[in-house]
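Q: Counting in my numbering, the sequence shown runs from 47 upward without gaps. Think of the CB as a built atom: it goes at the ideal place given N, C-alpha and C, for glycine as much as any other residue. A single structure is presented below for examination.
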Amino acid sequence: MLVNGQPTRPLMPAPEADAVLVIDQRGLPHQLRWQRVGDVATAITAIRDMWVRGAPLIGVTGAYGLALQARVEASDAALAAAAQALIAARPTAVNLAWAVQRLHRALLPLPVAERAVQAWALAGALADEDVAVNAAIGRHGLALLQAIAARRGRVNVLTHCNAGWLATVDWGTALSPVYQAQAAGLDLHVWVDETRPRNQGASLTAWELGQQGVAHTVVSDNAGGHLMQHGQVDIVIVGCDRVTARGDVCNKIGTYLKALAAHDNGVPFYAAMPLSTLDLALQDGLREIPIEERSAREQTHITGRAANGELVEVQLVPDGSAAANPAFDVTPARLVTGLITERGVVPADEQALRALAA
Ligand code: MRU
47 MLVNGQPTRP LMPAPEADAV LVIDQRGLPH QLRWQRVGDV ATAITAIRDM WVRGAPLIGV
107 TGAYGLALQA RVEASDAALA AAAQALIAAR PTAVNLAWAV QRLHRALLPL PVAERAVQAW
167 ALAGALADED VAVNAAIGRH GLALLQAIAA RRGRVNVLTH CNAGWLATVD WGTALSPVYQ
227 AQAAGLDLHV WVDETRPRNQ GASLTAWELG QQGVAHTVVS DNAGGHLMQH GQVDIVIVGC
287 DRVTARGDVC NKIGTYLKAL AAHDNGVPFY AAMPLSTLDL ALQDGLREIP IEERSAREQT
347 HITGRAANGE LVEVQLVPDG SAAANPAFDV TPARLVTGLI TERGVVPADE QALRALAA
């Protein structure tokens with residue numbers, strides 16, 4: 047998608063194919079800076095410290111991390127250790143394990159001397175696949191938005207966190223239908239939840255929608271219920287980090303509250319789900335999905351741009367107050383109207399999901 051009018055991706059292989067270049071999302075929306083990820087240790091840091099984030103993008107970064115390891119040492123033991131460390135960098139989004147394991151499995155049967163070249167090519171293929179999958183999600187989601195537009199004229203979408211192109215290799219998941227609707231000429235407006243504590247909505251979603259020229263309004267996380275009560279939200283579309291066989295949706299903390307409010311107000315609630323996010327090994331999302339507990343500092347402090355243009359961090363809470371920071375929550379399948387996948391829109395139930403994945 048566009049940055050300053052130029053097609054841009056948040057992750058690109060370096061010209062010499064010895065590293066990947068990633069947008070350092072910690073600087074956005076105020077600073078657009080790139081980081082070079084040239085070894086597996088840096089890939090782990092980039093994922094863990096959220097230079098890159100969003101389920102599909104950390105998956106592709108993980109795959110490139112393993113490919114960078116293969117350039118240095120591609121023995122079975124070295125690849126296994128690197129894969130394990132990459133997967134441990136963030137526990138909730140299943141895409142990370144999915145992508146790293148897929149690459150790892152493909153490399154093991156190959157002679158050690160061939161692994162580095164193959165790994166780089168396979169990581170690139172995974173990135174291309176992500177783009178195609180997200181474009182397909184957008185086409186299926188577009189039909190939902192067109193149906194609303196036919197009834198109501200302007201379409202008001204509410205989204206939580208960032209599930210746009212910054213969270214993927216391109217297009218995004220939840221925002222892919224929005225970008226396709228924009229291209230189709232629909233009259234569209236997006237309510238952007240700020241998404242405390244890291245503010246992926248206020249800093250990332252707002253920035254990428256603005257770069258693309260999509261009308262949007264940033265609201266506090268607490269405003270969504272009120273907007274729905276007053277008929278100002280036609281549809282909620284969120285991303286997801288892991289979906290269980292029975293259709294429980296794990297996504298950024300606060301998603302569950304939006305689903306409850308949507309249910310109470312008769313607003314359709316959809317999660318955009320690439321099949322790489324479906325974890326058929328799990329059933330009960332509430333009990334079985336590991337929820338990442340991040341640093342309390344993300345809760346107690348906030349970073350923004352000072353009047354002199356510099357990024358500064360300030361403290362929000364009193365000295366000594368305890369703070370907790372669970373990063374994800376689980377929305378039970380009964381609150382989910384449907385899942386927008388690359389193979390179509392399906393209900394959040396086991397029969398549909400197993401048939402989809404077959
Ligand atoms: O902690 P983050 O910023 O990686 O969490 C991201 C989200 O929750 C996204 O909505 C989700 O990964 C889907 S990304 C297409």
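1. Would you say LYS304 touches the ligand MRU, meaning its beta carbon is less than 6 Å from a heavy atom?
2. In this structure, what does DSSP give as the bridge partners for LYS304?
3. Using only the alpha-carbon positions, how far apart do ASP233 and VAL264 sit?
4. Relative to the ligand MRU, is the shortest distance from any of its heavy atoms to the C-beta of GLY105 smaller than 6 Å?
5. Can you give me the C-alpha to C-alpha distance between PRO372 and ILE299, rounded to a whole angstrom?
6. Going by the C-beta, is ALA213 closer than 6 Å to any heavy atom of the ligand MRU?
7. Look up ALA101 in the DSSP assignment and say whether it is helix, strand or coil.
8. For GLY270 versus ALA220, is the C-beta spacing smaller than 7 Å?
9. Does DSSP classify ILE194 as helix, strand or coil?
10. Using alpha carbons as the reference points, say which of ASP267, GLU254, HIS272 lies closest to ASP239.
11. For the alpha helix (DSSP H) containing ARG151, list its first residue and its last residue.
12. Just confirm the distance between the C-beta atoms of PRO102 and THR205, as a whole number of angstroms; I'd bet it's less than 8 Å.
13. Once DSSP output is grouped into helix, strand and coil, what is the label at VAL284?
14. Give, in chain order, every unbroken run of the beta strand (DSSP E) that is at least 3 residues long and sits entirely within the stretch 357 to 392.
15. Based on DSSP bridge pairs, tell me the residues matched to CYS16.
16. From the DSSP output, which residues share a beta bridge with ILE69?
17. What does the alpha-carbon distance come out to for the pair SER121 and PRO157?
18. State yes or no: is the C-beta of GLY108 within less than 7 Å of the C-beta of VAL146?
19. List the residues that DSSP assigns as beta-bridge partners of ASP176.
A: Let me lay it out:
1. Residue numbering aside, residue 304 sits at position 258 when the sequence shown is read from its first letter. Checking every heavy atom of the ligand MRU against the Cβ of LYS304, none is found closer than 6 Å.
2. Residue mapping note: residue 304 aligns to position 258 of the sequence shown, counting from 1. The secondary-structure analysis by DSSP pairs LYS304 with nothing; it has no beta-bridge partner.
3. By 1-based counting over the sequence shown, the position of residue 233 is 187. By 1-based counting over the sequence shown, the position of residue 264 is 218. Rounded to whole angstroms, the gap between the alpha carbons of ASP233 and VAL264 is 18 Å.
4. Mapped onto the sequence shown, residue 105 falls at position 59. No, Cβ of GLY105 sits at least 6 Å from all heavy atoms of the ligand MRU.
5. Position 326 of the sequence shown, counting from 1, holds the residue named residue 372. Position 253 of the sequence shown, counting from 1, holds the residue named residue 299. Straight-line Cα distance between these residues: approximately 7 Å.
6. As a working mapping, residue 213 is identified with position 167 in the sequence shown. In this structure, ALA213 has its CB closer than 6 Å to one or more heavy atoms of the ligand MRU.
7. The sequence position of residue 101 within the sequence shown is 55, counting from 1. It is helical.
8. Translated into the one-based positions of the sequence shown, residue 270 becomes position 224. Translated into the one-based positions of the sequence shown, residue 220 becomes position 174. No, Cβ-Cβ distance for GLY270 and ALA220 is not below 7 Å.
9. Your numbering for residue 194 matches position 148 in the sequence shown. ILE194 carries a helical assignment under DSSP once its states are collapsed to helix, strand and coil.
10. Locating residue 239 in the sequence shown gives position 193, counting from the first residue. Nearest C-alpha to ASP239: ASP267.
11. Looking up residue 151 in the sequence shown gives position 105. Per DSSP, ARG151 belongs to the alpha helix (DSSP H) from 140 to 153.
12. Locating residue 102 in the sequence shown gives position 56, counting from the first residue. Locating residue 205 in the sequence shown gives position 159, counting from the first residue. 16 Å between Cβ atoms; not a contact.
13. Taking the first residue of the sequence shown as 1, we reach residue 284 at position 238. Correct three-state label for VAL284: strand.
14. Runs of the beta strand (DSSP E) inside the stretch 357 to 392: 357 to 361, 374 to 377, 384 to 387, 390 to 392.
15. Residue 16 is absent from the model: the chain starts at 47 and stops at 404.
16. Here residue 69 is taken as the residue at index 23 of the sequence shown, counted from 1. Beta-bridge pairing links ILE69 to TRP80.
17. The sequence position of residue 121 within the sequence shown is 75, counting from 1. The sequence position of residue 157 within the sequence shown is 111, counting from 1. One Cα belongs to SER121, the other to PRO157, and the distance between them is close to 9 Å.
18. As a first step, residue 108 is located in the sequence shown; it is residue number 62 there, counting from the start. As a first step, residue 146 is located in the sequence shown; it is residue number 100 there, counting from the start. Cβ distance < 7 Å, so GLY108 and VAL146 count as in contact.
19. The residue labelled residue 176 in the question sits at position 130 within the sequence shown. ASP176 is not bridged to any residue.
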